[in-house]
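I have placed the structure first, in the form of C-alpha cells, so that the comments after it can refer back to it.
Residue numbers (our numbering): 4 to 75.
Right, dumping it as C-alpha cells:
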C-alpha cells in the first residue's frame, strides 16, 4: 500500500505481485503529479505491516524504496 502526498494531492496505489499464464505483475508504480514540483511524502505499508515514510522526493524520476530505510 503506497500513499503519495504532493501539496493538495494525495494518491494511493498498491503493488500486486505474482505471475499468471504468460503474464507478470510488475512492482513499479507510476503517479502523475501534474505541475507539482516535489513529493512531500511517500508512505509505504509493507506486506509485513511495517510502515516507512520517505519525505521531500524530487519529481520526474524513478526511485527505489527499500523497507526499513524511510525517513520517519
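By construction, the Cβ of each residue, glycine as well, lies at the ideal position given by its N, Cα and C atoms.
When DSSP states are grouped into helix, strand and coil, residue 74 belongs to the coil group.
A Cβ-Cβ contact shorter than 8 Å links residue 30 with residue 20. For the 8 Å CB-CB criterion, residue 56 and residue 46 form a contact.
Leaving aside the five residues that flank residue 36 on each side, the residues in its chain whose CB is nearer than 6 Å to its CB run, in chain order, 9, 62.
Scanning 70, 34, 32 for the CA closest to the CA of residue 50 turns up 70.
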